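J.: Sending over a structure as structure tokens; questions will come in a sec.
There are 2 protein chains.
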Amino acid sequence: VRIDVFFGPSTLTPVDVQERVVVVIDVFRASTTITVAIANGARRVIPYDSAEAAIAAAKTLASEGIVLAGERRMFRIDGFDLGNSPAEFTAQMVRGKSVILTTTNGTGALVAAAGAREVLVGAFVNFSAVLRRLRVVAEEGADVSIVCAGRDRQFSLEDAVCAGGFVRGLARCQTAVELNDAALAARRLQRSYRHEVGRLRADAGHGRALTAAGFGGDLTLCTTLDAYPVVPVYAERQVTRQPATLDPTPPPRARSR
Amino acid sequence: VRIDVFFGPSTLTPVDVQERVVVVIDVFRASTTITVAIANGARRVIPYDSAEAAIAAAKTLASEGIVLAGERRMFRIDGFDLGNSPAEFTAQMVRGKSVILTTTNGTGALVAAAGAREVLVGAFVNFSAVLRRLRVVAEEGADVSIVCAGRDRQFSLEDAVCAGGFVRGLARCQTAVELNDAALAARRLQRSYRHEVGRLRADAGHGRALTAAGFGGDLTLCTTLDAYPVVPVYAERQVTRQPATLDPTPPPRARSR
Numbered sequence: 061v062r063i064d065v066f067f068g069p070s071t072l073t074p075v076d077v078q079e080r081v082v083v084v085i086d087v088f089r090a091s092t093t094i095t096v097a098i099a100n101g102a103r104r105v106i107p108y109d110s111a112e113a114a115i116a117a118a119k120t121l122a123s124e125g126i127v128l129a130g131e132r133r134m135f136r137i138d139g140f141d142l143g144n145s146p147a148e149f150t151a152q153m154v155r156g157k158s159v160i161l162t163t164t165n166g167t168g169a170l171v172a173a174a175g176a177r178e179v180l181v182g183a184f185v186n187f188s189a190v191l192r193r194l195r196v197v198a199e200e201g202a203d204v205s206i207v208c209a210g211r212d213r214q215f216s217l218e219d220a221v222c223a224g225g226f227v228r229g230l231a232r233c234q235t236a237v238e239l240n241d242a243a244l245a246a247r248r249l250q251r252s253y254r255h256e257v258g259r260l261r262a263d264a265g266h267g268r269a270l271t272a273a274g275f276g277g278d279l280t281l282c283t284t285l286d287a288y289p290v291v292p293v294y295a296e297r298q299v300t301r302q303p304a305t306l307d308p309t310p311p312p313r314a315r316s317r
Numbered sequence: 061v062r063i064d065v066f067f068g069p070s071t072l073t074p075v076d077v078q079e080r081v082v083v084v085i086d087v088f089r090a091s092t093t094i095t096v097a098i099a100n101g102a103r104r105v106i107p108y109d110s111a112e113a114a115i116a117a118a119k120t121l122a123s124e125g126i127v128l129a130g131e132r133r134m135f136r137i138d139g140f141d142l143g144n145s146p147a148e149f150t151a152q153m154v155r156g157k158s159v160i161l162t163t164t165n166g167t168g169a170l171v172a173a174a175g176a177r178e179v180l181v182g183a184f185v186n187f188s189a190v191l192r193r194l195r196v197v198a199e200e201g202a203d204v205s206i207v208c209a210g211r212d213r214q215f216s217l218e219d220a221v222c223a224g225g226f227v228r229g230l231a232r233c234q235t236a237v238e239l240n241d242a243a244l245a246a247r248r249l250q251r252s253y254r255h256e257v258g259r260l261r262a263d264a265g266h267g268r269a270l271t272a273a274g275f276g277g278d279l280t281l282c283t284t285l286d287a288y289p290v291v292p293v294y295a296e297r298q299v300t301r302q303p304a305t306l307d308p309t310p311p312p313r314a315r316s317r
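Here the protein sequences line up with chains A and B, keeping their order. Its first residue numbered 61, the first sequence is counted upward by one per residue in this note's numbering. Its first residue numbered 61, the second sequence is counted upward by one per residue in this note's numbering.
Encoded structure:
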């Protein structure tokens, strides 16, 4: 089994996703936000590249109950229901609804994964749930690509450490595993941060920027391991919850804040 | 002082090099080869993107004594004097000559650094010499960008670890230093490999590929710290030795093999 990590979607080529299971990671904050929305009962999350496309989709789907969400330069887009703070995506706000989401970095990574056998959304908040799914697919012989969204096309530390956790968890229970250089590096970074994941809030440039912009509370949630144990799956341009047959864990209650 | 690391030249934007001192790293093997050639007395090394351009330059410069060198898929290009094995660049072969060099990854990184205040070629073999120069420029207040050539646009472990050494060495003697995420990660990776740099030969994908292709001997040289203590400087499309006024270290003798 191959396990490859990519530190940004721009380094990804079609051969890196074809017939593979892909995990897309944008810890601060899109993949955390998507996970919380799905855990809190959103029917689906539909990611869009541009605010314009998101607004157009909101008009088309208005009849079915939608939440229009997204950020630019970290702040909620004017006129949108929500920004990109995961704690805003409460059950009261999203249950049964379609969440239309546009963010700076996370959306592009999902689109870059198009053509994969299966695309999962991973973060610290659903780490163990996603790892369980990855172990099943690796058991079946599927190669795994872990794609860090990064920040403005640059390497981002929090995504790399999260990716390294998946590499470590997967490599541990596979006998013959091949890792690319980024997977080896991510695993060592994860080891280096394993007792201090919270420190990523201050170390990572994106963490410092979010804190300075008043979103420090988001970072605490984003670095809380396994707070929302669901597996969001991206297929046909939308993210939904992994079918219950594959995901026996009930959604957590009273998690919305 | 800012110290930024870039894990591939494709993530570099002009603002990341302007008015900065840039170190370009391609440990396996171009930056090692360039360093060895300069240490062994080559008058200059002129990098070219394409074999065609290198051949054209060789014809133009034939009268002044040239060595035509380069690789594709790791092997010497047909008809070239040398490949990209640093040990081939002996004093006997290169002293006083212009080395025309085309390699798969290293050349692009040098070109991407165009417009910088100063561009240095760094590797393990000249690590301390380059670090000394970086400390001087950081003392003067210049920001530093460390550009890993990577491999086929992907992250490469050996370049990242070497970059991390420069970050550690620089950050240690600066009071106020700002690091981007890649610099923080590189520093942690360097720490993780500090007692086992030789292990990069087997861990790094490029190392395994070179060993499989019969270039294992190159890797030993490429991971030998400070074997060739010179500072190659890239300016006006050619690499030359840093002027003696700035570089008091005499060239090593009897190093060529």
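Built from N, CA and C at the ideal position, the CB exists for glycine as well. This one's a predicted model, so the numbers in the text were calculated from it and none came from an experiment.
Would you verify that the beta carbon of A:V61 is, or is not, closer than 7 Å to some beta carbon of chain B?
T.: no
J.: Do the CB positions of A:R211 and A:N165 come within less than 7 Å of each other?
T.: Contact: yes.
J.: Where does A:G182 land, buried or exposed, given buried means 16+ other C-beta within 10 angstroms?
T.: Buried.
J.: Could you pull the DSSP bridge partners for A:Q78 from this structure?
T.: A:A176
J.: By Cβ distance below 6 Å, which residues in the same chain neighbour B:A242 in space, the five residues on each side in sequence not counted?
T.: V65, F67
J.: For A:V197, which residues in the same chain have their Cβ closer than 6 Å to its Cβ, ignoring the five residues on either side in sequence?
T.: V81
J.: Can you confirm whether A:F184, when its beta carbon is compared against all beta carbons of chain B, has any partner nearer than 7 Å?
T.: The beta carbon of A:F184 does not come within 7 Å of any beta carbon belonging to chain B, so the residue lies off that interface.
J.: Rounding to the nearest angstrom, what Cα-Cα distance links A:V204 and B:Q298 in this structure?
T.: 42 Å
J.: Please name the residues in the region 250-269 of chain B whose beta-carbon is closer than 9 Å to at least one beta-carbon of chain A, in chain order.
T.: R251, S252, Y253, D263, A264, G265, H266
J.: For the region 194-226 of chain B, enumerate the residues whose C-beta is nearer than 7 Å to any C-beta of chain A, in chain order.
T.: R213, Q214, F215, S216, L217, A220
J.: Check this for me: beta carbons of B:A220 and B:A262, under 7 Å apart or not?
T.: no
J.: Give the residues of chain A in contact with B:A245, contact being defined as C-beta atoms less than 8 Å apart.
T.: F215, L217, A220, A245, L249
J.: Is the separation between the beta-carbon of A:I206 and that of A:A223 shorter than 7 Å?
T.: yes
J.: Can you tell me whether A:Q302 is helix, strand or coil according to DSSP?
T.: Looking at A:Q302 - three-state DSSP - the assignment turns out to be coil, as it is neither helix nor strand.
J.: In whole angstroms, what is the alpha-carbon distance linking B:G274 and B:A147?
T.: 14 Å
J.: Give a yes or no on whether the minimum CB-CB distance between A:F67 and chain B is below 7 Å.
T.: For A:F67, a Cβ of chain B is located within less than 7 Å of the residue's own Cβ.
J.: Give the single residue among A:V185, A:L279, A:A174 whose Cα lies nearest to the Cα of A:P107.
T.: A:A174
J.: What's the C-alpha gap between B:G168 and B:V87?
T.: 14 Å
J.: Counting only beta-carbon atoms, is B:T271 nearer than 7 Å to chain A?
T.: no
J.: Would A:C208 be called buried (16 or more neighbouring beta carbons within 10 Å of its own) or exposed?
T.: By the Cβ neighbour-count rule, A:C208 is buried, with 16 or more other Cβ atoms within 10 Å of its own.
J.: Can you list the residues of chain A that B:S158 reaches, using a CB-CB cut of under 8 Å?
T.: Those do not exist, as B:S158 stays about 33 Å from chain A at its closest Cβ, beyond 8 Å.
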